[in-house]
Structure formats: structure tokens, C-alpha cells
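>
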Amino acid sequence: MDFTHLHTHSHYSLLDGLSKLDEMVKLGKEFGMKSIGLTDHGNMYGAIEFYKTCKKHEIKPILGVEAYIANRTRLDKQPGIDNERYHLTLLAKNHIGYKNLIKLVTASQLEGYYYKPRMDKNILRENHEGIIALSGCLGGELCRSLRRKDYNHAEEVIKEYQDIFGSENYFLEIMHHPGIEGFEDVKRGIVTLGQKMGIPLVGTQDSHYLLREDARPHDTLLAIQTNSDLQNEDRFSMLDDDYSFINGDTAKEYFKDAPGAVENTMKIAEMCDIEIPLGGWTFPDLKIESGITYDDELSRLAYEGVARRGLSLTAEVEDRIKYELKIIKDKGYGPYFLVVADLLAFAAKNGIYTNIRGSVAGSLVTYLIGITKVNPLEYKLPFERFLNPERPSAPDIDMDFADNRRDEMIGYVRQKYGENHVAQIGTFGTMMARGAVRDVARALGHPYALGDQISKLIPMGSQGFPMTIKHAFELIPELPELYKNDPKVKEIIDLAKKLEGCVRHISVHAAGVVISPNPLNEIVPTQLDPKGGKIITQYDMYAVDDVGLLKFDFLGIRNLSILSDAVRIVKRTQNLDVDIEAIDLADKKTFAMLSRGETMGLFQLNGSGMTKHLMDLKATSIHDINAMVALYRPGPMEMIPDYIARKQNPALVKYMDPRLEPILNFSYGVITYQDDVMLIAIHLAGYSWLEADKLRKAMGKKIPAEMEAQKSKLLVGFVKGGLTEKQSQELWHLIEPFAAYGFNKAHAASYGRVAYQTSFMKANYPAEYMTAVLTAESGDVDE
Numbered sequence: 000m001d002f003t004h005l006h007t008h009s010h011y012s013l014l015d016g017l018s019k020l021d022e023m024v025k026l027g028k029e030f031g032m033k034s035i036g037l038t039d040h041g042n043m044y045g046a047i048e049f050y051k052t053c054k055k056h057e058i059k060p061i062l063g064v065e066a067y068i069a070n071r072t073r074l075d076k077q078p079g080i081d082n083e084r085y086h087l088t089l090l091a092k093n094h095i096g097y098k099n100l101i102k103l104v105t106a107s108q109l110e111g112y113y114y115k116p117r118m119d120k121n122i123l124r125e126n127h128e129g130i131i132a133l134s135g136c137l138g139g140e141l142c143r144s145l146r147r148k149d150y151n152h153a154e155e156v157i158k159e160y161q162d163i164f165g166s167e168n169y170f171l172e173i174m175h176h177p178g179i180e181g182f183e184d185v186k187r188g189i190v191t192l193g194q195k196m197g198i199p200l201v202g203t204q205d206s207h208y209l210l211r212e213d214a215r216p217h218d219t220l221l222a223i224q225t226n227s228d229l230q231n232e233d234r235f236s237m238l239d240d241d242y243s244f245i246n247g248d249t250a251k252e253y254f255k256d257a258p259g260a261v262e263n264t265m266k267i268a269e270m271c272d273i274e275i276p277l278g279g280w281t282f283p284d285l286k287i288e289s290g291i292t293y294d295d296e297l298s299r300l301a302y303e304g305v306a307r308r309g310l311s312l313t314a315e316v317e318d319r320i321k322y323e324l325k326i327i328k329d330k331g332y333g334p335y336f337l338v339v340a341d342l343l344a345f346a347a348k349n350g351i352y353t354n355i356r357g358s359v360a361g362s363l364v365t366y367l368i369g370i371t372k373v374n375p376l377e378y379k380l381p382f383e384r385f386l387n388p389e390r391p392s393a394p395d396i397d398m399d400f401a402d403n404r405r406d407e408m409i410g411y412v413r414q415k416y417g418e419n420h421v422a423q424i425g426t427f428g429t430m431m432a433r434g435a436v437r438d439v440a441r442a443l444g445h446p447y448a449l450g451d452q453i454s455k456l457i458p459m460g461s462q463g464f465p466m467t468i469k470h471a472f473e474l475i476p477e478l479p480e481l482y483k484n485d486p487k488v489k490e491i492i493d494l495a496k497k498l499e500g501c502v503r504h505i506s507v508h509a510a511g512v513v514i515s516p517n518p519l520n521e522i523v524p525t526q527l528d529p530k531g532g533k534i535i536t537q538y539d540m541y542a543v544d545d546v547g548l549l550k551f552d553f554l555g556i557r558n559l560s561i562l563s564d565a566v567r568i569v570k571r572t573q574n575l576d577v578d579i580e581a582i583d584l585a586d587k588k589t590f591a592m593l594s595r596g597e598t599m600g601l602f603q604l605n606g607s608g609m610t611k612h613l614m615d616l617k618a619t620s621i622h623d624i625n626a627m628v629a630l631y632r633p634g635p636m637e638m639i640p641d642y643i644a645r646k647q648n649p650a651l652v653k654y655m656d657p658r659l660e661p662i663l664n665f666s667y668g669v670i671t672y673q674d675d676v677m678l679i680a681i682h683l684a685g686y687s688w689l690e691a692d693k694l695r696k697a698m699g700k701k702i703p704a705e706m707e708a709q710k711s712k713l714l715v716g717f718v719k720g721g722l723t724e725k726q727s728q729e730l731w732h733l734i735e736p737f738a739a740y741g742f743n744k745a746h747a748a749s750y751g752r753v754a755y756q757t758s759f760m761k762a763n764y765p766a767e768y769m770t771a772v773l774t775a776e777s778g779d780v781d782e
């Protein structure tokens, strides 16, 4: 194939492009293309996803952007003058060019945003290296001059851009959209200027969708973007021409009268060669005052923490410390632990209530250095669920903060590491099944009630498993019936399927923050949050991870604010200092209150279903609380009656195999946590930790074929490990309910602790605690 797309919009050109990246690259592969360029409007949202997808399909990725160039400078923002801007197509030749694109896009967003993210010629001069410029579409400065028949200015524009990028890196961009008024004159003008000035032409398509039949779905998308409907003849539309992802034969036909235009797409493709290093890690630049290594500092803090935590340096404790420190050192994660420890030390010093989620509570080192709050030896939490020698991915330490003080934590990070080294992570909202139906119905001009009727038939998705229109048709018989019998419904559904999954907007990830050792604009493009002015990454959490920036989770939790307020109110009303981290975990008043069902305002333990179970359970230990936090969710919930029965009658506690007892003795022999499943696979089926982790992930994905393969492997392992066929099947039926919904034990212990803390405060200081709860619910600040 001797044609390469160099001007292409994906669905990351928000509500303007319809093409999903995987489908685009696959179609390019079908066409025999060896390379494809991506040039979304003013952003690089899809750059890493596109890069990886192209590499997967053995196609050269060409990364670029369709830039907006300010009429004057990017800093000028005067109404009536500076809302005019020009388009310019920029492509990265190499890694230097890719990094310069990041800088340009970031500057256009943070400095030049005025209706659109704008660059200017000054900043192009400063960051031109490694970049190829194409003169742009009909909205480009060159084409605007030609439409005005201002040929002198057109030549000046060309010379200026040649001066900025170098004549070898500047091409005259020519398109084929004869449906647009004035197109033919502009095309002739570009060809003439190319011949006169000896500048090569390059043919581009300005693709916004993949197939010609996608023109109407794309038109519907534009109507949604502009809050218009398809009956409005004055609305913005692109139906006047073809903006599909054409093949090489079509390109040759379109540009047959533009010498070299098709061939030069290949010349440019050969000039572009980007290799982005993915998968490594860069940590924040944390300074150790003593000058010792990160690993030595981590070791020092861990051993100092033994006495601080009230422990003795027994052989068990020392062996566990050495084991964990070795794995952390071998993996190179020492600085990550130190950064998190520093953050939580700041929170503790400033009275900001915190908690840690996830499997990290299985680490003794993190407990000793003040990151986590439960002793993993006491709670029998495995370190390997968090980090083990076989695990390829980075550790994940998720931090919860009192939600009314979360911004203080992010402010501390900015102050410590530098404003231009810290950003919150961007995330993309997509057009989900229900929303796409409603949007399409409105864009088609139908009454609200019709879109609402169809939308309400589509079930809600579960966490991590969004509902699709296709799956809804399989679940709800009324949907295919309506589709078959009502042409209006059929049209809405068909268009909604095309739009479903397209990115609708960018927003702020609920928790994710990146802290970079280098200025962020050397690694990832950033912008302002459209709703709040916070600096966010244009890459989502997955792409941020790919380029080596670790995600730090700063999640605001209202219940931690409630606890903090309740303690403060107790001090004010009773002059008592309550150390919430040192309360009695066997407080009889607390367990008696839970047994009475007085759960309003508690963390994780409220609601009618949970309350009934707590009344039946008659909890007597923190382990009961942890188990209820873990079990009260779809799937594991089936185990609650058995757990309660065994607690009330210890004679019912039994183990199919003696190897299960040390795994399940805290939960009366009932499989309760993800860790239980993994440890069973390890100790009874001979799995490694890596294999056990793959089992956990497969169960989480709920993909039938993958689940069946894991089931077969596990059953074979059980039999090899000494179980009978019947026992193996029985054990699988106990494990299966955990698919997708099981908690890991460390997470349950961490959340169970906060649940108990809220229960303790309500049981012992009911007036103060409920005042804090009601204050939080009302949004008022109690003084």
C-alpha cells in the first residue's frame, strides 16, 4: 500500500470523531497500510493507546495533533479578535518531536486556551525540533488566505512556516472535499503554489469516521455535540462530503491531479519513527537528608518501627522484615514506599485522618513505617497478595483521606515536589448504552418520553462491567421486540450502537495523582479540568502507567471526616482526648450496639440487609467485622448464613482437608476473602503466586471461556494435590461465588477497622458522633 493516512480523527476528538482506535487500526491493516497517523483536535488523549494498538498490529504509529494556532499570540484573549484561530497539522518525526508535541499541547491548554487550546508561532519556534508541519485543512491559515484570494499573504504564510520548521519538514496539505464551497479554487491555489515555490504536496483525508455508511451516525454525533437535532438545517454538519477512512485506491483517485500527493504520504511516513519506552518506572525525586540509599532508609525506618508499634524483634518479625525488604529492593520500589510514608507522616502531623485500602495492609514493612494500621502477622495477611517476586506490575498503595482535607494533601505534594511536577489524572467519560439511546433520540427530534422508555429497558451495569446494548438485547426480551416492530426504535438503537463507547468528555479521576521527578510536560500532556481549573493529565490512568508514572491514589472519604469531627466535638463537649487509632478493639458496648442493629451513620455496616445480618451474627471480635465487610456483596453474600451459623455453633466448623484450617480458621472454615481462594490454589493445587494471581484476575473478569479454563486447571491441580474428584468439585463450588466480587483480606481488615472505629464512637459518644454525621450530611461545618 502506497498511501498513509496523516490527518485522522478518532473519538478522542470529542463528539467530533467517531472512529475507535482499535477499529481504525484493524481497518488500516485490512487495507494493507504499513503506517497510520493520528491527529486529534488539540489533544493527545489517545496517543499511547494508539501507539500500543499500532504496535500490536505491526503498523507504524505516527503521532500528531491538529493544532489550533492563535490569530495573534496564545496569550492574547480579546473578544472579537482572538476567537479566530487557524488549523495546522503537526506530526512527530521522532522521540524528540513527540516530547515537543507534549510541550506544545500542554502550553496550548494551560496558557493559550480561549474557546480552544491555542498555540502560537513563538512557541512553535521554541519547540519545532523533530516535528513535521502540514499546512492544514480549509481552516488553516494558508487555505484561509487562498479563499480570500490573497496570494501574497499565502506565500508569506508558507515562508514563515518553512522558517519555523525547516523547508524539509513543511508540506502543503491538500484534501479532496468537492462538496465544500470554494474547495476547488483552494486546491488549485495549493497546487500552483507548490509548483511555484518547489514545495511538496501531501494528500490527506481529514477522516472523522471509518466507513461511508458511518456518515449519518457521525452527523448524529455532531448534533449531540452542538445540542441540536437533525431537523435543523442550519446546524453544523459534515454530510456535504466524504470524511471516511479511505483506502489507497480511493486516495489515488482523489489526488490524481495533484502530483506526488499520494507518494509523499509514504515519504513522510518514512521520516517518522517513534519509539516510546513503555513499562518502566520513574519515582518522585525524594531527598534523603542523610544521603543514604532509599533501600537503607527504608530498612532503617522499618527496624525503628518495631518498638514504635509495640512489637518485639522476634525471629518471626525479623524474618518477615528481611523477606519483604529483599523483594522491595529487588523490584526497585523503595522510593515509592518512602514517598507514601512521607505523605502519611504529614497527614498524621497535621491531624488529617487517613486509611489505606487494598492488599498493601499485608505488608509488615508498611505497618512499621506508618503507612498501614493493621499488623499483618496478627491478622494473618499474606504479603504476596500485595507484592511477590513473580508479580510483574507495580505495587498499588491506595490512600484515603478525610474528604474535607484531601486538598491539603495535594497541596503538600505540590509544595514539596513542585507545581509543574504534580497533576491529578484525567479520566474519560464515554457514551454508555442508556445515555447513547437518550442522546440519539433527542438528536433525531423525538419526544423525550421515547428515548426514556427505551433507556429504562436497558439494565444498569455492575461495577467494572458496563452494560451494552447488545447484552441488554440478550437479557430483556422486550427490547428486540420493540426493535423489530417500531421503525423509530430501530433507528434509535442502530445509531446508538454506533455511538456507544465513544468518549464524551474528559474529567478528573476520583483519586489518581501523579508525581513526576521531571516537569510533567516532558512526559505527559496536561490541561485544566474543564469543570474546576485543576491541572490534569491528558493520559488516563492506564496510559500514565504505560509511560512510567506511578499513580498515587488520594481518595476523599466522608466517614474519615465524620470521625475527625466526632473526636473534635468530644473534646469540646467533654474535654476528652480520643485517640481513634488506639481504641479498644474488643469494646463490649460497641458489639452490643451492633447486635441491637443500631447502625445508622456507620461506615460499611449500615443498611437494612447488613443490619439484619449483624443482629443475627452477634459479633464479638474485629475479625467478625472484617468478615462482614468482605461477605456483604453479590456472590460471597451466599456464605453469610453459614458464617453466622458456625459462629453461633462451633460444632459446625469443619474442614474438608486439614490444609484448609490455617487458611480459614479466622472465618470458622468459611471461604471469605480473595486471599483464601489464592492460598487454597497454592497449598492444595500447587499453584505459584503468579498462577494464583492469574486465577484471581480471571475470576474478576467473569469471562466464561477464561473461567472454564481456570476451573479445569484448578480441578486437575486439586486431584494432583491429593483431593478426590468429588472433593475437588465441592471446593470449586465454594470458590465460584467469589468471581468478580471477593474482597482481599487486607482490604477487609483496613475497611473493617474504620467500620469499627465509627461503631466505637457511636456506641461510646452517641450524641457527638451523630452530630458529626448530620453535619456532614447537611454540608454545614460544625464549629
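Under numbering that gives the first Met the number 0, read the sequence shown as residues 0 to 782, first letter to last. All residues carry an ideal CB built from backbone N, CA and C; glycine is no exception. As the structure is a computational prediction, the values presented were derived from the model and not from experiment.
Using the DSSP secondary-structure output, state which residues sit across from R117 in a beta bridge.
Within the sequence shown, the letter at position 118 stands for residue 117. Looking at the DSSP output, R117 bridges to Y67.
> With a 10 Å radius around its C-beta and 16 neighbouring C-beta atoms as the bar for buried, classify T292 as buried or exposed.
If you number the sequence shown from 1, residue 292 lands on position 293. Flag for T292 reads exposed.
> Starting from the N-terminal side, write out each stretch of the alpha helix (DSSP H) that is 4 residues or longer and does not extend beyond the segment 45 to 95.
46 to 55
> Could you check the C-alpha separation between T219 and I424 for me, to the nearest Å?
As a position in the sequence shown, residue 219 is number 220, starting the count at 1. As a position in the sequence shown, residue 424 is number 425, starting the count at 1. Looking at the two C-alpha atoms, the distance is approximately 30 Å.
> Starting from R356, follow the beta strand (DSSP E) in both directions and report where the run begins and ends.
Residue 356 sits at position 357 when you count from the first residue of the sequence shown. Taken as a continuous stretch (DSSP letters only), the beta strand (DSSP E) holding R356 covers 353 to 356.
> How many Å lie between E782 and A401 at the Cα?
For this step, residue 782 is matched to residue 783 along the sequence shown. For this step, residue 401 is matched to residue 402 along the sequence shown. With a pLDDT of only 38 at E782, under 50, the local geometry of the prediction cannot be trusted, and no value is derived from it.
> Apply the 10 Å Cβ neighbour rule to K120 and answer buried if 16 or more other Cβ atoms are within range, or exposed otherwise.
Counted from its first residue, the sequence shown places residue 120 at position 121. Counting Cβ neighbours within 10 Å, K120 comes out buried, since at least 16 surround it.
> In or out: S392 buried (at least 16 other Cβ within 10 Å) or exposed?
Counting from one through the sequence shown, the residue named residue 392 turns up at place 393. With fewer than 16 Cβ atoms within 10 Å of its Cβ, S392 is classed as exposed.
> With DSSP run on the structure shown, which of helix, strand or coil describes K550?
Walking along the sequence shown from the start, residue 550 turns up at place 551. Strand.
> Could you tell me which residues DSSP puts in a beta bridge with D39?
Here residue 39 is taken as the residue at index 40 of the sequence shown, counted from 1. DSSP output for D39 lists V64 as bridge partner(s).
> Specify the secondary structure class of M237 as computed by DSSP and reduced to three states.
Taking the first residue of the sequence shown as position 1, residue 237 is located at position 238. Three-state result, M237: coil.
> Can you have a look at E499 and say buried or exposed, based on whether 16 or more other CB atoms are within 10 angstroms of its CB?
To locate residue 499, count along the sequence shown from 1; it is residue 500. Buried: at least 16 other Cβ atoms inside 10 Å.
> Is it a yes or a no for the segment 490 to 509 touching the segment 518 to 538, going by three-plus beta-carbon pairs under 8 Å?
Counting Cβ pairs under 8 Å, three or more are found: they touch.
> Can you look up H176 in the DSSP assignment and give me helix, strand or coil?
Position 177 of the sequence shown, counted from the first residue, corresponds to residue 176. Residue state, collapsed to three classes: coil.
> Just to confirm, are Y208 and F244 a CB contact at a threshold of 9 Å?
Taking the sequence shown and counting its residues from 1, one reaches residue 208 at position 209. Taking the sequence shown and counting its residues from 1, one reaches residue 244 at position 245. In this structure, F244 lies closer than 9 Å to Y208 by Cβ.
> In or out: F759 buried (at least 16 other Cβ within 10 Å) or exposed?
The residue you call residue 759 lines up with position 760 of the sequence shown. The residue is buried, with at least 16 neighbouring Cβ atoms inside 10 Å.
> Counting beta carbon pairs with one atom in the segment 623 to 631 and one in the segment 741 to 758, are three or more of them shorter than 8 Å?
yes
> Counting only the same chain and skipping the five closest in sequence on each side, list residues whose C-beta sits under 7 Å from that of G596.
Taking the first residue of the sequence shown as position 1, residue 596 is located at position 597. For G596, where only same-chain residues beyond five positions count, the Cβ hits under 7 Å are T610, L613, M614.
> Could you have a look at M677 and say whether DSSP puts it in helix, strand or coil?
The residue you call residue 677 lines up with position 678 of the sequence shown. Correct three-state label for M677: helix.
> Could you compute how far the alpha carbon of E140 sits from the alpha carbon of L87?
Mapped onto the sequence shown, residue 140 falls at position 141. Mapped onto the sequence shown, residue 87 falls at position 88. Each residue's alpha carbon lies about 8 Å from the other.
> When burial is assigned at 16 or more other CB atoms within 10 Å of the CB, is Q786 buried or exposed?
The structure shown has nothing for residue 786, since the chain only spans 0 to 782.
> Tell me, please, whether the segment 730 to 742 touches the segment 660 to 676 by the rule of three or more beta-carbon pairs shorter than 8 Å.
yes
> Once you ignore the five residues that flank V780 on each side, which residues in its own chain have a CB closer than 6 Å to its CB?
The sequence position of residue 780 within the sequence shown is 781, counting from 1. Any reading at V780 needs caution, since the residue's pLDDT is 46, under 50, leaving its predicted position unreliable; the model's value is listed next. Cβ within range, chain order: n/a, list empty.
> Please report the residue range of the alpha helix (DSSP H) in which R503 lies.
One-based indexing of the sequence shown puts residue 503 at position 504. Where R503 is concerned, there is no enclosing alpha helix (DSSP H), although the beta strand (DSSP E) it sits in stretches over 502 to 514.
> Would a C-beta distance cut-off of 9 Å place D438 and I643 closer than the cut-off?
In the sequence shown, residue 438 corresponds to position 439, counting from 1. In the sequence shown, residue 643 corresponds to position 644, counting from 1. No.
> Among the candidates C136, D162, V201, whose CA atom is the shortest distance from the CA of E125?
Sequence index remark: in the sequence shown, residue 125 carries index 126 (1-based). Out of C136, D162, V201, D162 has the C-alpha closest to the C-alpha of E125.
> Taking DSSP's pairing of strands, which residues face Q423 in a bridge?
Taking the sequence shown and counting its residues from 1, the one referred to as residue 423 is at position 424. Q423 pairs with V512, I535.
> Here's the rule: buried if 16 or more other CB atoms are within 10 angstroms of the residue's CB, otherwise exposed. What is G181?
To locate residue 181, count along the sequence shown from 1; it is residue 182. The residue in question, G181, is exposed, as its Cβ has fewer than 16 Cβ neighbours within 10 Å.
> Tell me the DSSP bridge mates of M398?
Walking along the sequence shown from the start, residue 398 turns up at place 399. M398 pairs with I355, F553.
> When we look at the beta-carbon of V715 and count the other beta-carbons within 10 Å, is it buried (16 or more) or exposed?
Within the sequence shown, numbered from 1, the residue matching residue 715 stands at position 716. So V715 counts as exposed.
> Looking at H217 and F164, is the spacing between their C-beta atoms short of 9 Å?
Indexing the sequence shown from 1 puts residue 164 at position 165. Indexing the sequence shown from 1 puts residue 217 at position 218. Taking 9 Å as the Cβ cut-off, F164 and H217 do not qualify as a contacting pair.
> What residue range is occupied by the uninterrupted beta strand (DSSP E) comprising V261?
Position 262 of the sequence shown, counted from the first residue, corresponds to residue 261. Neither: V261 is in no beta strand (DSSP E) and is coded neither H nor E.
> For G297 versus I396, is the C-beta distance shorter than 9 Å?
Taking the sequence shown and counting its residues from 1, one reaches residue 297 at position 298. Taking the sequence shown and counting its residues from 1, one reaches residue 396 at position 397. Sequence inspection shows Leu at residue 297; the Gly mentioned does not correspond to that position. When the beta-carbon positions are compared, L297 and I396 stay at least 9 Å from each other.
> Run through the DSSP bridge pairs and tell me what A626 is partnered with.
Working through the sequence shown from its first residue, we reach residue 626 at position 627. BP columns for A626 are empty, so no partner.
> What distance in whole Å lies between the Cβ atoms of I80 and N70, which are believed to be in contact at a cut-off of 8 Å?
Indexing the sequence shown from 1 puts residue 70 at position 71. Indexing the sequence shown from 1 puts residue 80 at position 81. Right, the Cβ-Cβ distance comes to about 7 Å (below 8 Å), so this counts as a contact.
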